[in-house]
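So the sequence lines, in the order shown, correspond to chains A and B. Letter by letter, the first sequence follows residues 1 to 253 of my numbering. Letter by letter, the second sequence follows residues 254 to 435 of my numbering. The beta carbon of each residue, even a glycine, is placed where N, CA and C say it ideally should be. Written below as structure tokens is the structure these notes are about.
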Amino acid sequence: MSDPITETDLLAYVDDQLDPARRIEVEEHLARNPDAAARIMADLKDRDTLRLIHAAPLPRPAEAMIGAAVRLERALGWQTLNLKLGRIAAVVALIGFGWFAHGQVGLGITDSEASPKPPAFVEDALHSHETALVRARMVSQPETAAYDAAEILAATGIRLPALPEGWRVRDAQVFPSRDGHSVEISVDAGDLGRVSLFAGHVPVFNVIDPTIARFDDAKTVYWQTGQLAYALTGTGSDKTIERAALRLSRNLQ
Amino acid sequence: MNDPKRIDVIGLLGPLRRYARSLTRDETQAEDLVQDTLVRAYERHGSFRSGGNLRGWLLSILHNTFIDGRRRHIAEARRLEQAAAISETAAPPPQESQVRFQQVQAAFLRLPDEQRAALHLVAIEGLPYQEAAEALKIPVGTLMSRLGRARATLRGFEAGMHLAPPSEGNRPLLRIVGGSDV
Numbered sequence: 001m002s003d004p005i006t007e008t009d010l011l012a013y014v015d016d017q018l019d020p021a022r023r024i025e026v027e028e029h030l031a032r033n034p035d036a037a038a039r040i041m042a043d044l045k046d047r048d049t050l051r052l053i054h055a056a057p058l059p060r061p062a063e064a065m066i067g068a069a070v071r072l073e074r075a076l077g078w079q080t081l082n083l084k085l086g087r088i089a090a091v092v093a094l095i096g097f098g099w100f101a102h103g104q105v106g107l108g109i110t111d112s113e114a115s116p117k118p119p120a121f122v123e124d125a126l127h128s129h130e131t132a133l134v135r136a137r138m139v140s141q142p143e144t145a146a147y148d149a150a151e152i153l154a155a156t157g158i159r160l161p162a163l164p165e166g167w168r169v170r171d172a173q174v175f176p177s178r179d180g181h182s183v184e185i186s187v188d189a190g191d192l193g194r195v196s197l198f199a200g201h202v203p204v205f206n207v208i209d210p211t212i213a214r215f216d217d218a219k220t221v222y223w224q225t226g227q228l229a230y231a232l233t234g235t236g237s238d239k240t241i242e243r244a245a246l247r248l249s250r251n252l253q
Numbered sequence: 254m255n256d257p258k259r260i261d262v263i264g265l266l267g268p269l270r271r272y273a274r275s276l277t278r279d280e281t282q283a284e285d286l287v288q289d290t291l292v293r294a295y296e297r298h299g300s301f302r303s304g305g306n307l308r309g310w311l312l313s314i315l316h317n318t319f320i321d322g323r324r325r326h327i328a329e330a331r332r333l334e335q336a337a338a339i340s341e342t343a344a345p346p347p348q349e350s351q352v353r354f355q356q357v358q359a360a361f362l363r364l365p366d367e368q369r370a371a372l373h374l375v376a377i378e379g380l381p382y383q384e385a386a387e388a389l390k391i392p393v394g395t396l397m398s399r400l401g402r403a404r405a406t407l408r409g410f411e412a413g414m415h416l417a418p419p420s421e422g423n424r425p426l427l428r429i430v431g432g433s434d435v
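Printed below as a string of structure tokens:
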């Protein structure tokens, strides 16, 4: 038995705003109720009459009206275009920054005797850390504080460590990377300040213990477990970042 | 015209002018209303969401411009005069269908403003209920109850049952689905 036919259904029938199944139910109802059917026919007739009356062609609009319409059209068109240009400019700025940072990475390492040349993913980590800082400053790039390690693992195959108590996730983004996905989590890490935790797939299986790499504006402690690489980037002291990274790497096991 | 992505104001002049005619019941005022709407829309074009519904946005500005009352009083004053003029334009030999057209149109023009606006957007422009309700800034339930009353009045007119403006007495029994009727 279908839902009883309401006044709303009858109105929506006249206005042709019912789905076909409901139309059929209304038609069954009307077939059994001649009074209601007559009323609906009158409504349909009035509707069609009004449409016919108002379908008469209008005289050509005044020049002033066309002028105003064209002006509005241009303003709205520019607005749409500006929005697109704005997006393009942001992308260009990020790419430009990437080139710049790319050029700086090799020179920026100050501790060359103590640390080996960092693997390529450290560069990616540094870039996504800088991107996260850019995003944090941009109003039009809403950050998402929703951080679901289980969902990230299921969707990307990247296992993330449990975060220490007191760390607050500010943004979590999945990026494309050369070997699949990478994840960048931006965290307010208490007295460490704003840090980024990067995790991603790498092509070469390896085990690297937490190792520090220093750059002009940031430090990264990176490590690798099998095919997954991690990097913690921030601006705190070497010791605090190393300690935090060790803790995270242990949380993974 | 329904492609929400395309900025085509010229293509929307027809719907805007027809709606303005139904609201003002006066051709000259209708054209002025559309002109004012375009100027207002230009002034606040920053409020248009890119990719949003241009038709709904413009219809809504037009409606607000009308409601603002700048025109309302003049429209009221000329209302009867206009309704009379419409009946007088029946100069060519009135065929039966023409007489009926005029009756329906006269009944439509006598509807209260808010019922006429609702019926115009839904029945004449064919807007989905949701879009019409947004353009009028009312809940869908309110829109439907206005439609129901407008239709009941038109039926009454045609049946020649009464020629007076609709009163409380001939309200159909209509359930209000959402929101209160304003």
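In the three-state DSSP reduction, A/Tyr147 falls in the coil class, being neither helix nor strand. Less than 9 Å divides the Cβ of B/Leu407 from the Cβ of B/Val357. Under a 10 Å Cβ-count criterion, A/Leu160 is classified as buried, with 16 or more other Cβ atoms of the shown protein chains found around its own Cβ. If you look at A/Ile208, you'll find it isn't in any alpha helix (DSSP H); it sits in the beta strand (DSSP E) that goes 194-214.
Inclusion of B/Thr395 and B/Ala386 in the CB contact set at 9 Å is warranted, their separation being smaller than that value. At a cut-off of 9 Å between beta-carbon atoms, A/Arg23 makes no contact with chain B. Going by beta carbons, B/Thr318 and B/Arg297 fall outside the 9 Å limit. Here the stretch 236-247 of chain A lies against the stretch 210-228 of chain A, with 3 or more beta-carbon pairs under 8 Å apart. Shortest Cα-Cα distance from A/Leu18 to any of B/Lys390, B/Pro381, B/Val262 involves B/Pro381.
Approximately 7 Å separates the beta-carbon atoms of A/Val202 and A/Gln224; this is inside 8 Å, confirming the contact. Listed in chain order, the positions of the stretch 277-289 of chain B with a beta carbon within less than 8 Å of a beta carbon of chain A are Glu284, Val287, Gln288. Here A/Arg51 is near B/Ile377, since their CB atoms are less than 9 Å apart.
Between B/Ile320 and chain A, the shortest Cβ-Cβ separation is not below 9 Å. Here the C-alpha atom of A/Gly200 lies approximately 35 Å from the C-alpha atom of B/Gly304.
Apart from sequence neighbours up to five positions away, the residues of its chain that approach A/Gly226 with a beta-carbon distance below 6 Å are Phe205, ordered along the chain. Chain B has no Cβ within less than 9 Å of the Cβ of A/Leu30. Among the residues of chain A, none has a CB under 9 Å from the CB of B/Gln351; the nearest is roughly 11 Å distant. Around the CB of B/Ile314, 16 or more other CB atoms lie within 10 Å, so the residue is classed as buried.
In the DSSP annotation of this structure, the continuous segment of the alpha helix (DSSP H) that includes B/Gln282 starts and ends at 280-296.
Along the stretch 49-74 of chain A, the positions whose C-beta sits under 8 Å from a C-beta of chain B are Thr49, Leu50, Arg51, Leu52, Ile53, His54, Leu58, Pro61, Ala62, Ala64, Met65, Ile66, Ala68, Ala69, Val70, Arg71, Leu72, Glu73, read in chain order.
Secondary structure of A/Asp238 (DSSP, three-state): helix. A/Asp171 is classed as buried because its beta carbon has at least 16 other beta carbons within 10 Å across all chains shown.
Here A/Pro176 is exposed, its C-beta having fewer than 16 other C-beta atoms within 10 Å.
Pairing B/Leu362 with A/His54, the inter-Cα distance amounts to about 12 Å. Across the set B/Gly309, B/Ser300, B/Arg270, the C-alpha of B/Arg270 shows the shortest separation from the C-alpha of A/Pro57.
One thing to note: B/Leu266 has its Cβ within 9 Å of the Cβ of A/Ile66. Non-local C-beta neighbours of B/Ala371 in its own chain, meaning closer than 7 Å and more than five positions away in sequence, comprise Ala385, Leu389, Leu396, Arg399, Leu400, Ala403, ordered along the chain. Secondary structure at A/Gly190: helix, using DSSP grouped into helix, strand and coil. By the neighbour-count criterion, in which 16 or more other beta carbons inside 10 Å mark a residue as buried, A/Thr233 falls on the buried side. By the rule that beta-carbons nearer than 9 Å mark a contact, B/Leu312 does not touch chain A. DSSP lists A/His201, A/Thr225 as the bridge partner or partners of A/Leu228. In chain B, no part has a C-beta under 9 Å from the C-beta of A/Glu27; the shortest such distance is about 19 Å. Measuring C-alpha to C-alpha distances from B/Ala360 to each of B/Leu311, B/Ala405, B/Val262 identifies B/Ala405 as the nearest. Contact residues of the stretch 378-403 of chain B toward chain A are Pro381, Tyr382, Met397, Leu400, Gly401 (C-beta to C-beta distance below 7 Å).
Remark: C-beta atoms of A/Leu197 and A/Ile185 approach each other more closely than 9 Å.
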